[in-house]
Amino acid sequence: MTLVKTTYGRRSFLKATALAGGGMVLGFSWLAGCKPSGKDALTLPKEWFNINGFLKIGENGVVTIMSPNPEGGQNVKTSMPMIVAEDLDVDWAKVIVEQAPLDTEKFTRQFIGGSQAIRQGWQALRMAGASARHMLMEAAAQAWQVPAGEITTEAGVLFHKNSGKSAGYGEMASAASKVSVPKEVKLKDLKDFKIIGTPRKNVDGLKIVTGQPLFGIDTHREGMLIAMIAHPPGFGLKLKSVDDSAARAMPGIRDIFTIKVLNDDYERQHFDTCTFLEVVAIVGDSTWEVMQAKKALKTEWEPFEAYSEVRTFWGQEKQTLTIPAGLESSSVHKSKMAEMAAKPGTVRRKDGDPEAAFRSAAKVLERSYTAPFLAHNCMEPMNFFAHVTADKAELAGPLQKPEFTEKALSERLGIPLEKIDIQMTRLGGGYGRRSYAHWLLEAALISQKMNAPIKLMYTREDDMTAGIYRPAYHATFRAALDANNNLTAFHVKAGGIPESPLAADRFPAGAVDNYLAEDWTIDTNITIGSYRAPRSNFMASAEQSFLDELAETAGKDPLDFRLELLERAKTNPVGEKNDYDAARYAGVLELVKEKSGWGKNDPSGASRGVAAYFCHNSYVAHVMDLTVEDGKPVVQKVHCAVDCGIVVNPLGAVNLAEGSVVDGIGNVLYGELTFKDGVPDRSNLDKYRIIRHSEAPKAIEVHFVKNDIDPTGLGEPLYPPVMAALANALYRATGKRLYDQPFMGERQMLG
Amino acid sequence: MANFTLNINGKKHQVEVDPATPMLWVLRDHLNLTGTKYGCGIAQCGTCTIHLGDVAMRSCTLPVSQIGNQEVTTIEGLSESGDHPVQKAWLEHDVPQCGYCQTGQIMNAAAFLKANPNPNDEAIEAAMNGNICRCGTYVRIKAAIKTAATG
Ligand code: FES
Ligand code: FES
Numbered sequence: 236m237t238l239v240k241t242t243y244g245r246r247s248f249l250k251a252t253a254l255a256g257g258g259m260v261l262g263f264s265w266l267a268g269c270k271p272s273g274k275d276a277l278t279l280p281k282e283w284f285n286i287n288g289f290l291k292i293g294e295n296g297v298v299t300i301m302s303p304n305p306e307g308g309q310n311v312k313t314s315m316p317m318i319v320a321e322d323l324d325v326d327w328a329k330v331i332v333e334q335a336p337l338d339t340e341k342f343t344r345q346f347i348g349g350s351q352a353i354r355q356g357w358q359a360l361r362m363a364g365a366s367a368r369h370m371l372m373e374a375a376a377q378a379w380q381v382p383a384g385e386i387t388t389e390a391g392v393l394f395h396k397n398s399g400k401s402a403g404y405g406e407m408a409s410a411a412s413k414v415s416v417p418k419e420v421k422l423k424d425l426k427d428f429k430i431i432g433t434p435r436k437n438v439d440g441l442k443i444v445t446g447q448p449l450f451g452i453d454t455h456r457e458g459m460l461i462a463m464i465a466h467p468p469g470f471g472l473k474l475k476s477v478d479d480s481a482a483r484a485m486p487g488i489r490d491i492f493t494i495k496v497l498n499d500d501y502e503r504q505h506f507d508t509c510t511f512l513e514v515v516a517i518v519g520d521s522t523w524e525v526m527q528a529k530k531a532l533k534t535e536w537e538p539f540e541a542y543s544e545v546r547t548f549w550g551q552e553k554q555t556l557t558i559p560a561g562l563e564s565s566s567v568h569k570s571k572m573a574e575m576a577a578k579p580g581t582v583r584r585k586d587g588d589p590e591a592a593f594r595s596a597a598k599v600l601e602r603s604y605t606a607p608f609l610a611h612n613c614m615e616p617m618n619f620f621a622h623v624t625a626d627k628a629e630l631a632g633p634l635q636k637p638e639f640t641e642k643a644l645s646e647r648l649g650i651p652l653e654k655i656d657i658q659m660t661r662l663g664g665g666y667g668r669r670s671y672a673h674w675l676l677e678a679a680l681i682s683q684k685m686n687a688p689i690k691l692m693y694t695r696e697d698d699m700t701a702g703i704y705r706p707a708y709h710a711t712f713r714a715a716l717d718a719n720n721n722l723t724a725f726h727v728k729a730g731g732i733p734e735s736p737l738a739a740d741r742f743p744a745g746a747v748d749n750y751l752a753e754d755w756t757i758d759t760n761i762t763i764g765s766y767r768a769p770r771s772n773f774m775a776s777a778e779q780s781f782l783d784e785l786a787e788t789a790g791k792d793p794l795d796f797r798l799e800l801l802e803r804a805k806t807n808p809v810g811e812k813n814d815y816d817a818a819r820y821a822g823v824l825e826l827v828k829e830k831s832g833w834g835k836n837d838p839s840g841a842s843r844g845v846a847a848y849f850c851h852n853s854y855v856a857h858v859m860d861l862t863v864e865d866g867k868p869v870v871q872k873v874h875c876a877v878d879c880g881i882v883v884n885p886l887g888a889v890n891l892a893e894g895s896v897v898d899g900i901g902n903v904l905y906g907e908l909t910f911k912d913g914v915p916d917r918s919n920l921d922k923y924r925i926i927r928h929s930e931a932p933k934a935i936e937v938h939f940v941k942n943d944i945d946p947t948g949l950g951e952p953l954y955p956p957v958m959a960a961l962a963n964a965l966y967r968a969t970g971k972r973l974y975d976q977p978f979m980g981e982r983q984m985l986g
Numbered sequence: 576m577a578n579f580t581l582n583i584n585g586k587k588h589q590v591e592v593d594p595a596t597p598m599l600w601v602l603r604d605h606l607n608l609t610g611t612k613y614g615c616g617i618a619q620c621g622t623c624t625i626h627l628g629d630v631a632m633r634s635c636t637l638p639v640s641q642i643g644n645q646e647v648t649t650i651e652g653l654s655e656s657g658d659h660p661v662q663k664a665w666l667e668h669d670v671p672q673c674g675y676c677q678t679g680q681i682m683n684a685a686a687f688l689k690a691n692p693n694p695n696d697e698a699i700e701a702a703m704n705g706n707i708c709r710c711g712t713y714v715r716i717k718a719a720i721k722t723a724a725t726g
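Sequences listed follow chains A and B, in order. Position 242 of the first sequence, counting from 1, maps to 477 under the numbering used here, and the rest follow consecutively. Position 100 of the second sequence, counting from 1, maps to 675 under the numbering used here, and the rest follow consecutively.
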């Protein structure tokens, strides 16, 4: 067993537990909301005992585990409680999962992003379960007058072997809630895991398939009004004037007014990105009526002058940013990116003497890759419920980073943090978009003005044209081979609008003696934000396509070529700062090689492509088999190999992996958002193409590397290498390399 | 504004709304049946799928005035407690990720299977192509439809 201290990071778990623990808690009103229905319904206990912030135990042994992080499809609401249940040593069938409220005293890092929930929650969740188990054992020891060390547990039952005594957790729960919290607890050995690593169904499955109100958009309160906003139709524009006379007279309309989303002097934090600082709010009785009035608004917009904002990005100093004026177009972006790519960039890493190596090379390969802006297009458009009164604010809805948004809200409303209550609903997709919650501020300001509960609804068009996109990117790769086809130099120069996608210390840095990494950026007033595996989602596609072509130029098998480079990085790495583990990286390639039967003749006659990548602390390799039918790629099978440490819930993990593969194929083939004079060319799903049923792979096989490493990310790392696996397979099928995403866009056929 | 008596999930409901109001918003705003979702409003994504009689329809572009006395079924009325064969298959295959699109997928699949009890892969893809899942659960949806078909 591992012994761990019940403190972590800057926080004392102990303190949090003591604050929340103790005492008997009767008849929670929220029980109605979490009552499972259907045949397998548990009999709910008459009484609940608060053990600590994470769990409650009823007198009949039923356990409620609070899931601290918002759920947006990554399965955290199932897998995080599984971790608590494991070290509590309880029967999963007796567990109810409830979404925890936002409470930064009790929980840390209550957000989705960076594939970090499980990775960072792992110790805390295990400790929560283990502490409660320890307290139950103490309570039993006192009741039975035996040493606590002689008590054992199994599936929610306490045993004392010598006396033959036993009791369910429920029987000891009341006494346990009065036991002081241990300073140190023992965690289970991995070999004793009974829940972690076993497939468990989504705890909200039944509610989802029966259409119960789980999502923010489903929020309904007595007297609630519906609000929408009208924002500028394009970037670089601001509100000039509103004529609301016609709209105001329409049925069901309560009020129309403008709101300023953030104060001018507000110092923004990382996630406070706000595209349109002033918007028009339309408030009425029903969604349809408000939609009609919105169409009847006569609004004039005008170009804005360049302005500056003070901003602190994560882990950086406070900076003053200039937001440029101008109405931008994708055609101009394209030529500007080509211009930047032709000039020297900022050097981020240099090993050896790349210039000399290129001069003496037998062969040099140079290729450039591009990718466009992308909209997240969560299926549930942005929305939020708000009820702001003179001294407090109650909010509910889907967002990824409540603990950060809360600060901006407090400042803007002038209401102290402790008077703000944000309830986290299920998210109808997030993928990074719901980290930037300007709509939450809008909802709160509208409620404050109306002095009424409101639900702010974005239409799909509002959602798609409100900014916070995946940036547009460009990368040029250059490689030198000697007469024996050994890689002697590697040069990457990457940039984007407005951020660089470069990670200079990633593979193949470390695997080649002469290495140069440079980058550049272009300013824009189009806002950007995290998008599933930020930056990696482009760099993997470009780099892994290039390595494929490079292997071909060197006359080598593309998978073995990668393994050869990784062998160098493993045995004799160049430089000190390489941010990947070459052995684990090679491990996923070897696994996918074996599972896909790489190198053997594929009986189906499909063309294969391979790609691998490391990001978000996990390693992934894909082999994709595809055919081209009537000019369309048909993905027959995708073999995925993943090393993300211990897999908590294999069922949820495979689902998430499959989704990443589908998402990658969809975006590389079809995804793009382009602009003309500041205005997005697409605003709804008739034009913005999202992958559909018939375009999904016929089969996806996911293989996990088995090891004892603490779990790392899974929501993001599978996504980036998909695009290159597809590009490389398509090359084998068609003989054509593709460099510019999307490969098809709105076209029905390739090329 | 006009009065409509609607036959939804076997019950009569009265609403007073603009006759142009799409059924989607009648269900969501006026009857608090929020299982039917809004995704695009222009018949492109399928999250708003309901049944009119036995036929799957996009409720976002279906004005309430066109319903008359046809029987409307929403996800809330598909089964008493989630035990319609399609819902059971969805649970067996643990289909949902975020879950937002799934009620629309289920409603479309249920109507499709009623008309085509033994579909092949191509027929499933063609029938389901109007329902977008942004989380990419398509592989599971297809497997679940096959399970539901074979009972
Ligand atoms: S909301 Fe009706 S099809 Fe999208
Ligand atoms: S499960 Fe998220 S959109 Fe389908």
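Ideal Cβ positions, reconstructed from N, Cα and C, are used throughout, including at glycine.
**Report entry** Rounded distance between the beta-carbons of A/Leu644 and A/Ala628, thought under 8 Å
**Finding:** Walking along the first sequence from the start, residue 628 of chain A turns up at place 393. Walking along the first sequence from the start, residue 644 of chain A turns up at place 409. Sure, about 7 Å apart at Cβ, within 8 Å.
**Report entry** Below-7 Å beta-carbon distance, A/Glu615 vs any chain B residue
**Finding:** Here the question's residue 615 of chain A lines up with position 380 in the first sequence. Yes - at least one Cβ of chain B is within 7 Å of the one on A/Glu615.
**Report entry** First through last residue of the beta strand (DSSP E) which encompasses A/Gly730
**Finding:** The residue you call residue 730 of chain A lines up with position 495 of the first sequence. It spans Leu722 to Ile732 - the beta strand (DSSP E) in which A/Gly730 sits, taken as one unbroken run.
Query raised in the report: Skipping 5 residues on each side, what residues in its chain have a beta carbon closer than 8 Å to that of B/Lys735?
Result: Lying outside 576 to 726, the shown extent of chain B, residue 735 of chain B is not represented and no answer is given.
Requested in this report: Please confirm if A/Ser929 has its CB atom under 7 Å from at least one CB of chain B.
Outcome: Translated into the one-based positions of the first sequence, residue 929 of chain A becomes position 694. Chain B, which has a Cβ nearer than 7 Å to the Cβ of A/Ser929, makes this yes.
Report task. Consult DSSP for A/Phe781 and reduce its assignment to one of helix, strand or coil. Result -> Residue 781 of chain A sits at position 546 when you count from the first residue of the first sequence. Three-state DSSP puts A/Phe781 in a helix.
Query raised in the report: Beta-carbon of B/Thr580 versus every beta-carbon of chain A: anything under 7 Å?
Result: For the purposes of this step, residue 580 of chain B is identified with residue 5 of the second sequence, where counting begins at 1. No, because no Cβ of chain A sits closer than 7 Å to the Cβ of B/Thr580.
**Report entry** Contact the stretch 585-595 of chain A vs the stretch 788-805 of chain A: 3+ CB pairs below 8 Å
**Finding:** no
Query - Where A/Glu677 sits in the DSSP three-state scheme - result: Locating residue 677 of chain A in the first sequence gives position 442, counting from the first residue. The answer is helix: DSSP assigns A/Glu677 an H, G or I state.
Report task. Compile a chain-ordered list of the residues in the stretch 704-723 of chain B whose CB is closer than 9 Å to at least one CB of chain A. Result -> Asn704, Gly705, Asn706, Ile707, Cys708, Arg709, Cys710, Gly711, Thr712, Tyr713, Val714, Arg715, Ile716 and Lys717
**Report entry** A/Ala573 beta carbon less than 7 Å from that of A/Phe773
**Finding:** Locating residue 773 of chain A in the first sequence gives position 538, where the first residue counts as 1. Locating residue 573 of chain A in the first sequence gives position 338, where the first residue counts as 1. Going by C-beta atoms, A/Phe773 is not nearer than 7 Å to A/Ala573.
Query raised in the report: Skipping 5 residues on each side, what residues in its chain have a beta carbon closer than 8 Å to that of B/Ala690?
Result: The sequence position of residue 690 of chain B within the second sequence is 115, counting from 1. Only Asp629 meet the Cβ criterion.
Query raised in the report: Of the choices A/Ser401, A/Lys329 and A/Gln355, whose alpha-carbon is the least far from that of A/Met992?
Result: The structure shown has nothing for residue 992 of chain A, since chain A only spans 236 to 986.
**Report entry** Residues in the stretch 938-960 of chain A having any Cβ partner in chain B nearer than 9 Å
**Finding:** none
Requested in this report: Answer with yes or no whether the minimum CB distance from A/Pro353 to chain B is below 7 Å.
Outcome: In the first sequence, counting from the first residue as 1, residue 353 of chain A sits at position 118. One detail in the question is off: residue 353 of chain A reads as Ile in this sequence, not Pro. It does not; no Cβ of chain B falls within 7 Å.
Query - A/Arg741: CB within 6 Å of a non-hydrogen atom of ligand 2 - result: By one-based count along the first sequence, residue 741 of chain A stands at place 506. A/Arg741: no, Cβ never under 6 Å from ligand 2.
Query - Sufficient close CB pairs (3 or more, under 8 Å) joining the stretch 808-816 of chain A to the stretch 770-789 of chain A - result: no
**Report entry** Supposed contact pair A/Pro589 and A/Leu562 - C-beta distance, whole angstroms, cut 8 Å
**Finding:** The residue given as residue 562 of chain A occupies position 327 in the first sequence. The residue given as residue 589 of chain A occupies position 354 in the first sequence. Not a contact, Cβ separation roughly 40 Å.
Query raised in the report: Buried or exposed: where does A/Asp453 fall if 16 or more other Cβ atoms within 10 Å of its Cβ makes it buried?
Result: Walking along the first sequence from the start, residue 453 of chain A turns up at place 218. Buried.
Query raised in the report: Hey, A/Thr510 and A/Ala707 are a contact pair by Cβ (cut 8 Å); roughly how many whole angstroms apart?
Result: Here residue 510 of chain A is taken as the residue at index 275 of the first sequence, counted from 1. Here residue 707 of chain A is taken as the residue at index 472 of the first sequence, counted from 1. In fact, because the Cβ distance is near 16 Å, the residues do not count as touching under 8 Å.
Query - Three-state class that DSSP yields for A/Lys270 in the structure shown - result: Here residue 270 of chain A refers to the residue found at position 35 of the first sequence. Model confidence at A/Lys270 stands at a pLDDT of 30, short of 50, so the residue's coordinates are unreliable and nothing is read from them.
**Report entry** Beta-carbon proximity of A/Ser314 to A/Gly887, cut-off 7 Å
**Finding:** Here residue 314 of chain A refers to the residue found at position 79 when the first sequence is read from its first residue. Here residue 887 of chain A refers to the residue found at position 652 when the first sequence is read from its first residue. Cβ distance < 7 Å, so A/Ser314 and A/Gly887 count as in contact.
Report task. Check the Cβ of A/Pro932 against every Cβ in chain B and list those closer than 7 Å, keeping chain order. Result -> Stepping through the first sequence from its first residue, residue 932 of chain A is reached at position 697. Neighbours of A/Pro932 on chain B, chain order: Val714.
Requested in this report: Give the interface partners of B/Pro597 over in chain A, defined as CB-CB distance under 9 Å, in chain order.
Outcome: Translated into positions along the second sequence, residue 597 of chain B becomes position 22. The answer, in chain order, is Trp523.
**Report entry** B/Gln619: contacting residues in chain A (beta-carbon distance under 8 Å)
**Finding:** The residue given as residue 619 of chain B occupies position 44 in the second sequence. Within 8 Å Cβ-Cβ: Asn919, Leu920 and Asp921.
Query raised in the report: Which residues in the same chain as A/Val623 place their Cβ atom closer than 6 Å to its Cβ, once the five residues preceding and following it in sequence are excluded?
Result: Indexing the first sequence from 1 puts residue 623 of chain A at position 388. Within the same chain, A/Val623 has close Cβ partners Ala679, Ser682 and Gln683.
Query - Pairwise C-alpha distance: B/Arg633 and A/Ile689 - result: Here residue 689 of chain A is taken as the residue at index 454 of the first sequence, counted from 1. Here residue 633 of chain B is taken as the residue at index 58 of the second sequence, counted from 1. Approximately 27 Å between the Cα atoms of the pair.
Query raised in the report: Are the beta-carbon atoms belonging to A/Met463 and A/Met692 less than 7 Å from one another?
Result: Residue numbering aside, residue 463 of chain A sits at position 228 when the first sequence is read from its first letter. Residue numbering aside, residue 692 of chain A sits at position 457 when the first sequence is read from its first letter. For A/Met463 and A/Met692, yes; Cβs fall inside 7 Å.
Query raised in the report: Which same chain residues, not among the five before or five after A/Asp698, have their C-beta less than 7 Å away from its C-beta?
Result: Translated into the one-based positions of the first sequence, residue 698 of chain A becomes position 463. Correct list, in chain order: Pro616 and Met617.
**Report entry** Contact set between A/Pro486 and chain B, taken where Cβ atoms lie within less than 8 Å
**Finding:** Indexing the first sequence from 1 puts residue 486 of chain A at position 251. Here the neighbours are Met576 and Asp593.
Report task. State whether the stretch 592-601 of chain B contacts the stretch 885-900 of chain A, with contact taken as three or more CB pairs (one from each stretch) at a distance under 8 Å. Result -> no
Report task. Answer yes or no: the CB of B/Arg633 versus the heavy atoms of ligand 1, is any distance below 6 Å? Result -> Working through the second sequence from its first residue, we reach residue 633 of chain B at position 58. For ligand 1, at least one heavy atom lies less than 6 Å from the Cβ of B/Arg633.
**Report entry** Buried versus exposed, by CB contacts within 10 Å (16 or more), A/Leu904
**Finding:** Along the first sequence, one-based indexing puts residue 904 of chain A at 669. The residue in question, A/Leu904, is buried, as its Cβ has 16 or more Cβ neighbours within 10 Å.
Requested in this report: Give the residues of chain A in contact with B/Gln662, contact being defined as C-beta atoms less than 8 Å apart.
Outcome: Indexing the second sequence from 1 puts residue 662 of chain B at position 87. Under the 8 Å cutoff, chain A gives Val444 and Thr445.
Query raised in the report: Are there 16 or more other CB atoms within 10 angstroms of the CB of A/Lys971, so buried, or fewer, so exposed?
Result: The residue labelled residue 971 of chain A in the question sits at position 736 within the first sequence. A/Lys971 should be labelled exposed.
Query raised in the report: Which runs of the beta strand (DSSP E), 3 residues or longer, sit entirely within the stretch 803-879 of chain A?
Result: 842-850, 853-864 and 867-878
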